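One structure below.
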Amino acid sequence: MKLTIQVNEGPYQHQSSDSAYFFAKAALEKGHEIFRVFFYHDGVNNGTRLTTPPQDDRNIVARWSELAQAHDLDMVLCVAAAQRRGIVDDGEAERNGKDATNIAPGFRISGLGQLVEGAIQSDRLVVFGD
Amino acid sequence: MSMLHLVNKSPYENGNLNRASSIMNAGDVLLLIEDAVYGAVKAGKASAMLDGCTVSVLGPDLAARGISEDKLADGVNVVDYAGFVELVEANDKVQSWL
Amino acid sequence: MSGATKKFLFINRKAPYGTIYAWESLEVVLIGAAFEQDVSLAFMDDGVYELVKGQDTAGIGMKNFSPTYSALGDYEITKIYVEKESLEERGLTLEDLQHLVWEDEDDDWAERDSIHLVSRAELGTVMAEQDVLFNF
Chain A
217 MKLTIQVNEG PYQHQSSDSA YFFAKAALEK GHEIFRVFFY HDGVNNGTRL
267 TTPPQDDRNI VARWSELAQA HDLDMVLCVA AAQRRGIVDD GEAERNGKDA
317 TNIAPGFRIS GLGQLVEGAI QSDRLVVFGD
Chain B
653 MSMLHLVNKS PYENGNLNRA SSIMNAGDVL LLIEDAVYGA VKAGKASAML
703 DGCTVSVLGP DLAARGISED KLADGVNVVD YAGFVELVEA NDKVQSWL
Chain C
-4 MSGATKKFLF INRKAPYGTI YAWESLEVVL IGAAFEQDVS LAFMDDGVYE
46 LVKGQDTAGI GMKNFSPTYS ALGDYEITKI YVEKESLEER GLTLEDLQHL
96 VWEDEDDDWA ERDSIHLVSR AELGTVMAEQ DVLFNF
């Protein structure tokens, strides 16, 4: 089964990102393919490099980065949502005159078309949100 | 064609579980995750919404909230994340009631 | 891109302005139009409020995005399902909503209503007929 997963909420505030992560992990363990994980609305905040969660709690951002690396996942932050919420990569910093970048490893910023393409190319779209 | 209905909010917080359980067609499946698992507790009023529906709940979310499986409404099936994946596979599409 | 088109239903259940979901969901619909799938929209529960006429956001300092709904016809979106029970529960009628239309090129560009008022049960059937359900 080819899956596209959509995450609508940011880390810690809602359980959505956690649920999506464990779902993704289970799907990969069962041998399914994750076509894309698409982060929308506040979900783009899962892609910031700058979180410092307490030592005794899970590191949501790092967890996604590690999963992406281990399985070569395509994790996309919606560009419009990322611009609104201040998640920036080199390209965005240059285009929009920002003096810093903060995108976490394993994530890339791209357009909403990536979500639509995911829905077209995948067998299932699974949305985690509020 | 069958649908997997995903509900993640407590029925005592909003109407999503009510929505999902009342619009479900025969053959559809309801999966309660996150705070929605409270809806599966037999002693709670909301469990009446589940009558006539095929319902699963995510075990890890029950455990996190201190709900033991013996407290669940009759016929509710407990699954883990692997089971969640199986439900997605077994149904043609997923409706997330957000 | 592979094969046959898919039936996409964009489901709207949230009111505008109190949260961003209504607007950001519309942004997906607009971008999605370029992909030439069979797209429909559904408005139910508080989503019906998104279509209410006469929105004036000056006082809350937000962009009024409601005019975008009237452009949906130009994006070849001809099926906009609005749930009857959701309107009734909220004391609304079709008259309170924007009159959304599309132009039928197969009929000399005649203007047709995009909004289909459907019952809860009928909406369930519409949902069952889709390939992909979008929720925000």
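Those protein sequence lines, which keep their order, are chains A, B and C. Take any residue in the first sequence, count from 1 to its spot, add 216: that is its number in the numbering used here. Take any residue in the second sequence, count from 1 to its spot, add 652: that is its number in the numbering used here. Oh and the third sequence: position 16 is 11 in the numbering used here, straight run, nothing missing. We treat Cβ as the ideally placed atom computed from N, Cα and C, and that holds for glycine. Note that this is a predicted model, so its numbers are computed, not measured.
First and last residue of the uninterrupted beta strand (DSSP E) at L656(B): M655 to V659
Selection from G68(C), K48(C) and S81(C) that minimises the alpha carbon distance to S61(C): K48(C)
Between the CA atoms of I6(C) and L118(C) - distance to the nearest angstrom: 11 Å
Those residues which DSSP pairs with L112(C) across a bridge: V77(C)
For C705(B): DSSP bridge partner residues: BP columns for C705(B) are empty, so no partner.
DSSP state of D99(C) mapped onto helix, strand, coil: strand
Whole-angstrom C-beta distance between L750(B) and D346(A), which should lie under 8 Å: 6 Å
When S748(B), Q747(B), F736(B) and V709(B) are compared against K241(A), the one with the closest alpha-carbon: F736(B)
Contacts of A105(C) in chain B (Cβ-Cβ under 8 Å): Near A105(C) there are no residues of chain B at all, since even the closest Cβ is about 33 Å away, more than 8 Å.
Inter-stretch contact at 8 Å, needing at least 3 Cβ pairs: the segment 741 to 748 of chain B / the segment 99 to 112 of chain C: no
Residue-chain proximity (F323(A), chain B), Cβ-Cβ < 8 Å: no
Segment limits, alpha helix (DSSP H) that includes D20(C): Checking the sequence shown, residue 20(C) turns out to be Ser, not Asp. It spans Y16 to G27 - the alpha helix (DSSP H) in which S20(C) sits, taken as one unbroken run.
Cutoff 6 Å; reference D687(B); Cβ partners in own chain excluding five residues on either side: K661 and S662
Chain-ordered chain A contacts of V121(C) [CB-CB under 7 Å]: What V121(C) touches in chain A: nothing, since even the nearest Cβ is about 17 Å away.
Inter-stretch contact (C-beta, 8 Å, three-pair minimum) for the segment 11 to 24 of chain C and the segment 684 to 704 of chain B: no
Where N677(B) falls: helix, strand or coil (DSSP): coil
Rounded C-alpha distance that separates R324(A) from K2(C): 28 Å
Short CB-CB distance (under 8 Å) between Y741(B) and chain A: A quick correction: the sequence has Glu, not Tyr, at residue 741(B). Cβ-Cβ to chain A under 8 Å: yes for E741(B).
Bridge-paired residues (DSSP) for K745(B): M655(B)
Closest residue to L331(A) among T120(C), K74(C) and A29(C) (Cα-Cα distance): A29(C)
Anticipated Cβ contact below 8 Å, V304(A) with I319(A), distance rounded: 6 Å
Start-to-end residues for the beta strand (DSSP E) that takes in Q222(A): K218 to V223
Residue span of the alpha helix (DSSP H) that contains E45(C), given as start and end: No alpha helix (DSSP H) contains E45(C), which DSSP labels as neither H nor E.
Interface positions of the segment 669 to 680 of chain B facing chain C (Cβ-Cβ less than 9 Å), listed along the chain: R671, S674, I675, M676, N677 and D680
Beta-carbon spacing of V730(B), V707(B) below 8 Å: no
Secondary structure of S65(C), DSSP reduced to three states: helix
Per DSSP, the bridge partner or partners of E249(A): K218(A)
Backbone secondary structure at Y12(C) - three-state DSSP: coil
Extent of the continuous beta strand (DSSP E) to which A37(C) belongs: D33 to F38
C-beta contact flag for S20(C) and F131(C) at 8 Å: yes
Close-in-space but distant-in-sequence residues of the same chain around D732(B) (CB under 8 Å, 5 per side omitted): L710, G711 and P712
Residue(s) in a DSSP beta bridge with S326(A): C294(A)
Assumed close pair V681(B), L714(B) - CB separation to whole angstroms, cut-off 8 Å: Going by Cβ atoms, the distance from V681(B) to L714(B) rounds to 17 Å, so no, they are not a contact pair.
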